[in-house]
Amino acid sequence: MSPITPFTERPIKNTIVLFDVDGTLTPARLTVSKEMLETLSELRKKVVIGFVGGSDLKKQVEQLGESVLNDFDYCFAENGLTAYRLAEEMASQSFIEWIGDEQYNKLVSFILHYIADLDIPKKRGTFVEFRNGMINVSPIGRNCTHAERCEFEKYDLERGIRRKFVADLKAAFPNLDLTYSIGGQISFDVFPTGWDKTYSLRHVKKEGFTTIHFFGDKTFEGGNDYEIYNHPDVTGHSVTCPEDTIKILKELFP
Ligand SMILES: [Mg+2]
Numbered sequence: 001m002s003p004i005t006p007f008t009e010r011p012i013k014n015t016i017v018l019f020d021v022d023g024t025l026t027p028a029r030l031t032v033s034k035e036m037l038e039t040l041s042e043l044r045k046k047v048v049i050g051f052v053g054g055s056d057l058k059k060q061v062e063q064l065g066e067s068v069l070n071d072f073d074y075c076f077a078e079n080g081l082t083a084y085r086l087a088e089e090m091a092s093q094s095f096i097e098w099i100g101d102e103q104y105n106k107l108v109s110f111i112l113h114y115i116a117d118l119d120i121p122k123k124r125g126t127f128v129e130f131r132n133g134m135i136n137v138s139p140i141g142r143n144c145t146h147a148e149r150c151e152f153e154k155y156d157l158e159r160g161i162r163r164k165f166v167a168d169l170k171a172a173f174p175n176l177d178l179t180y181s182i183g184g185q186i187s188f189d190v191f192p193t194g195w196d197k198t199y200s201l202r203h204v205k206k207e208g209f210t211t212i213h214f215f216g217d218k219t220f221e222g223g224n225d226y227e228i229y230n231h232p233d234v235t236g237h238s239v240t241c242p243e244d245t246i247k248i249l250k251e252l253f254p
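Numbering-wise (the UniProt record's numbering), the sequence shown opens with residue 1 and increments by one.
Structure follows, in structure tokens:
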């Protein structure tokens with residue numbers, strides 16, 4: 001591994017380029033291409049780079065490679081609730097500290113009762129995944145097979161299982177300032193309002209960047225890149241696929 005150029009010695013000053021992972025650096029749910037890794041490594045000689053993913057670090061290691069902590073200046077998993085700067089973990093908050101055990105127990109008990117009473121064709125396992133910055137709730141359970149996952153997505157599209165679940169949770173816990181985000185095929189995320197991808201900006205602002213670029217594919221309202229893409233301090237770039245990301249990078253940083 002070649003030594004990392006200090007931030008202040010990179011030719012384009014005070015500039016950071018942040019990327020969504022799924023659909024932006026990699027095809028959805030798949031791994032990064034060699035071309036993308038080379039493009040990023042060239043870019044890193046000019047500016048500071050980082051990724052901001054919604055899922056946990058384990059998933060990003062699968063998608064971006066084992067050396068991910070060394071390939072990016074900043075690694076933000078779970079929207080920045082798990083954060084690394086130059087491979088060193090940064091201090092961050094957690095969902096459980098924010099909500100407290102008493103409220104959390106009420107919430108998770110409600111969710112598990114609700115799933116127990118759901119009349120759906122298949123239930124598997126891992127209905128609630130407890131993460132650092134959020135919980136992920138899945139009516140079918142996260143360890144279903146790929147075929148079962150596709151089946152559930154279709155069933156949910158027809159009957160709005162997740163949409164109704166979220167509406168019922170909002171009605172049951174009006175006192176909690178939570179955001180419910182339906183994403184992917186089988187689940188939805190629950191996190192404190194404001195803990196979307198803009199959370200990661202708290203970490204980079206300490207460094208004094210004056211230009212913050214962000215690349216993402218779900219920049220429409222309701223998409224998980226929407227808030228950071230539209231943030232007043234951020235120059236947003238909406239992309240359709242990793243090839244599109246490379247194309248725009250070549251134009252911006254020739
Ligand atoms: Mg994406």
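Beta carbons are placed, not taken as given, at the ideal position from N, Cα and C, and that holds for glycine. What you are looking at is a predicted structure, and each value in this text was computed from that prediction instead of being measured.
Query raised in the report: Helix, strand or coil: how does DSSP classify D119 here?
Result: Sequence index remark: in the sequence shown, residue 119 carries index 119 (1-based). Three-state result, D119: coil.
Query raised in the report: Any heavy atom of ligand 1 closer than 7 Å to the Cβ of K218?
Result: In the sequence shown, the residue the question calls residue 218 occupies position 218. Proximity of the beta carbon of K218 to ligand 1 is indicated: a heavy atom of the ligand is located closer than 7 Å.
**Report entry** Sequence-distant residues of its chain with Cβ nearer than 6 Å to G53 (five each side left out)
**Finding:** The residue labelled residue 53 in the question sits at position 53 within the sequence shown. For G53, where only same-chain residues beyond five positions count, the Cβ hits under 6 Å are V21, Q60 and A77.
Requested in this report: Check whether the Cβ of T240 lies closer than 7 Å to any heavy atom of ligand 1, and answer yes or no.
Outcome: Residue numbering aside, residue 240 sits at position 240 when the sequence shown is read from its first letter. Remark: the C-beta of T240 is outside contact range of ligand 1, defined as less than 7 Å to any heavy atom.
Query raised in the report: Is K46 closer than 8 Å to F253 when the C-beta atoms are compared?
Result: By 1-based counting over the sequence shown, the position of residue 253 is 253. By 1-based counting over the sequence shown, the position of residue 46 is 46. Taking 8 Å as the Cβ cut-off, F253 and K46 qualify as a contacting pair.
Query raised in the report: What span of residues does the alpha helix (DSSP H) with E129 cover, start to end?
Result: Along the sequence shown, one-based indexing puts residue 129 at 129. Going by DSSP, E129 is part of no alpha helix (DSSP H) but of the beta strand (DSSP E) stretching over V128 to F130.
Query - Beta-carbon gap between F215 and V190 smaller than 8 Å - result: Here residue 215 refers to the residue found at position 215 of the sequence shown. Here residue 190 refers to the residue found at position 190 of the sequence shown. At the C-beta level, F215 and V190 stay beyond 8 Å of one another.
**Report entry** ligand 1 heavy atom lying under 7 Å from the CB of T24
**Finding:** If you number the sequence shown from 1, residue 24 lands on position 24. Yes.
Query raised in the report: What is the C-beta distance between R162 and F130, in whole angstroms, given that I count them as a contact (C-beta under 8 Å)?
Result: What you label residue 162 is simply residue 162 of the sequence shown in a count that begins at 1. What you label residue 130 is simply residue 130 of the sequence shown in a count that begins at 1. Rounded to the nearest angstrom, the Cβ distance from R162 to F130 is 19 Å, too far for a contact under 8 Å.
Query raised in the report: DSSP three-state call for T26: helix, strand or coil?
Result: On the sequence shown, residue 26 is found 26 positions in, with the first residue counted as 1. Reduced to three states, the DSSP call for T26 is strand.
Query raised in the report: Taking C-beta to C-beta, are T24 and Q63 nearer than 8 Å?
Result: Locating residue 24 in the sequence shown gives position 24, counting from the first residue. Locating residue 63 in the sequence shown gives position 63, counting from the first residue. Taking the C-beta atoms as reference points, Q63 is found no nearer than 8 Å to T24.
Query raised in the report: Beta-carbon separation of Y229 and T245 under 8 Å?
Result: The residue you call residue 229 lines up with position 229 of the sequence shown. The residue you call residue 245 lines up with position 245 of the sequence shown. Not a contact, by the Cβ cut-off of 8 Å.
Requested in this report: With DSSP collapsed to three states, give me the class of M134.
Outcome: For the purposes of this step, residue 134 is identified with residue 134 of the sequence shown, where counting begins at 1. Looking at M134 - three-state DSSP - the assignment turns out to be coil, as it is neither helix nor strand.
Query raised in the report: Relative to the C-alpha of Y226, which residue among G183, I135, Y104 and P242 is closest?
Result: On the sequence shown, position 226 is the one that residue 226 refers to. For Y226, the nearest C-alpha among the options comes from G183.
Query - Enclosing beta strand (DSSP E) for F152 [first to last residue] - result: Start at 1 with the first residue of the sequence shown, and residue 152 comes out as number 152. Premise fails: F152 lies in the alpha helix (DSSP H), H146 to R159, not in any beta strand (DSSP E).
Report task. To the nearest angstrom, report how far apart S109 and N79 are at their CA atoms. Result -> Within the sequence shown, the letter at position 109 stands for residue 109. Within the sequence shown, the letter at position 79 stands for residue 79. Distance from the CA of S109 to the CA of N79, rounded to the nearest whole angstrom, comes to 26 Å.
**Report entry** Local Cβ density within 10 Å of R159, reported as buried at 16 or more and exposed below that
**Finding:** Working through the sequence shown from its first residue, we reach residue 159 at position 159. R159 should be labelled exposed.
Query raised in the report: How about K123 and I140: do their beta carbons lie closer than 8 Å?
Result: Within the sequence shown, residue 123 is the residue found at index 123, counting from 1. Within the sequence shown, residue 140 is the residue found at index 140, counting from 1. If you check the CB distance, K123 and I140 come in under 8 Å.
Report task. Identify which residue in F152, C144, S138 and N14 has its Cα closest to the Cα of K206. Result -> To locate residue 206, count along the sequence shown from 1; it is residue 206. Residue N14 is the option with its Cα nearest to K206.
Query raised in the report: With a CB to CB cut of under 6 Å and the five nearest residues on each side skipped, what residues in its chain are close to H237?
Result: Mapped onto the sequence shown, residue 237 falls at position 237. These residues qualify, in order along the chain: F215 and I248.
Query raised in the report: Got a sec: does ligand 1 put a non-hydrogen atom nearer than 7 Å to the Cβ of D196?
Result: Start at 1 with the first residue of the sequence shown, and residue 196 comes out as number 196. If you check the C-beta of D196 against ligand 1, you find no heavy atom less than 7 Å away.
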